[in-house]
Amino acid sequence: MIAFLVLIILIIWLVAMNIKIVPQAHAYVVERLGAFYQVWDVGLHFAIPIIDKVSKKIVMKELVADFPPQPVITKDNVTMQIDTVIYLQVTDPKLYTYGVENPMRAIENLTATTLRNIIGELELDQTLTSRDIINSKMRLILDEATDPWGIKINRVELKNIMPPAEIQDSMEKQMKAERERREKILQAEGEKRSAVLVAEGKKESAILAAEADKEAKIKVAEGEAEAIRIVQEARALAIKMMNEANPTEKVLTLKSFETFEKVADGKATKIIVPSDIQNMAGTITALAETLKK
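This is the structure:
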């Protein structure tokens, strides 16, 4: 009875030990009698005791492999350290299990050699400014190389590029000189723009002043012309009224004396009076008749 109970317990233990539950985003590679049998997906599975064995438990989620810095040499013989980050995912558990021994170690070595080959074709400045190109080339090469291993390379990133200390100092000095040059250019452009604005302001001010002076002179000239016109119209009207009144010689003589009176009120020191004032009156009469006609 004791032996039977021990046997029953042993059978129950073997059954319990061979009931496998595969969790989400995992896969189990099962071997039967040492040979590949099948891949268990998510769910409940039963393995035959002693005959079946779970060879490898694989995570099907996307994995991140952060490799240590690798020494590389550029085309212009500059040695630097570059560390990479690779995002990968297992697509075929069978190939992943039997394709290569230690897949992550193989990917690390493949990444280092690929990186050296790509950087060896670039100069230092190109390496620092061509990260996207390097990432794309490495992803294509690694994805093609790892396809027989059941691995998909989703993304490759250069995490850090570390040139030698003297190169970094030289680059910092160069950047500082470039910033100072740009500052001087901006300052010169600002001063130039300021001078142009000042000159344009003076030009516009001079133009406005000239236009204002021109307008003032035009207004003055128009005023003088208008005054002359009014005076001439008044004189013409006076002569017309005089002609219409048909003045006698005595009236004309009187007007002549009034004219001499106005002349005498001026600053002239000498006044020559015609001896034949009567003839002057006649002359004025003839002039009046001419104007009338």
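If you count by the working numbering, then the sequence shown holds residues 102 to 394, one letter each, in order.
Think of the CB as a built atom: it goes at the ideal place given N, C-alpha and C, for glycine as much as any other residue.
**Request:** Measure the C-alpha to C-alpha separation of Ala335 and Met342 and round it to an integer number of angstroms.
**Result:** Going by C-alpha positions, Ala335 is about 10 Å away from Met342.
**Message:** Looking only at its chain, what residues have a beta carbon closer than 8 Å to the beta carbon of Ala289, apart from the 5 residues adjacent to it on each side?
**Reply:** Apart from sequence neighbours up to five positions away, no residue of its chain approaches Ala289 with a beta-carbon distance below 8 Å.
**Request:** Have a look at the DSSP bridge pairing and note the partners of Gln139.
**Result:** Note: Gln139 sits in a beta bridge opposite Val131.
**Item:** Helix, strand or coil at Leu145 according to DSSP, with G and I counted as helix
**Value:** Correct three-state label for Leu145: strand.
**Message:** Tell me the rounded alpha-carbon separation between Ile340 and Ala310.
**Reply:** Going by the C-alpha atoms only, they are around 45 Å apart.
**Minimum C-alpha distance to Gln139 - residue among Tyr199, Ile252, Phe105** = Here the closest residue by C-alpha is Tyr199.
**Message:** Give me the DSSP bridge partner(s) of Ile262.
**Reply:** DSSP lists Ile183 as partners of Ile262.
**Prompt:** Can you tell which of Gly135, Asp142, Asp167 has its C-alpha closest to the C-alpha of Ile152?
**Reply:** Here the closest residue by C-alpha is Gly135.
**Asked** Pairing CB atoms from the region 163-176 with CB atoms from the region 203-214, are three or more of them under 8 Å?
**Response** Three or more pairs of CB atoms, one per stretch, sit closer than 8 Å, so the region 163-176 contacts the region 203-214.
**Item:** Which listed residue (Gly291, Glu132, Thr175, Trp141) has its alpha carbon closest to that of Ser409
**Value:** Outside the shown range of the chain (102 to 394) lies residue 409, about which nothing can therefore be said.
**Three-state class that DSSP yields for Gln333 in the structure shown** = For Gln333, the three-state secondary structure derived from DSSP is helix.
**Prompt:** Under 8 Å between the Cβ atoms of Tyr188 and Arg232?
**Reply:** When the beta-carbon positions are compared, Tyr188 and Arg232 stay at least 8 Å from each other.
**Asked** Rounded to whole angstroms, how far is the Cβ of Ile159 from the Cβ of Val107, which I believe are closer than 8 Å?
**Response** The distance from the Cβ of Ile159 to that of Val107 is about 37 Å, inconsistent with a contact at the 8 Å cut-off.
**Sub-8 Å separation of Trp250 and Pro204 beta-carbons** = With contacts defined by Cβ atoms closer than 8 Å, Trp250 and Pro204 form a contacting pair.
**Message:** Using the three-state DSSP reduction, which class does Ser156 fall into: helix, strand or coil?
**Reply:** In the structure shown, Ser156 adopts extended strand secondary structure according to DSSP, grouped into three states.
**8 Å contact criterion, which Met263 and Met181 should meet: CB distance rounded** = Yes, Met263 and Met181 are in contact; Cβ-Cβ is about 6 Å, under 8 Å.
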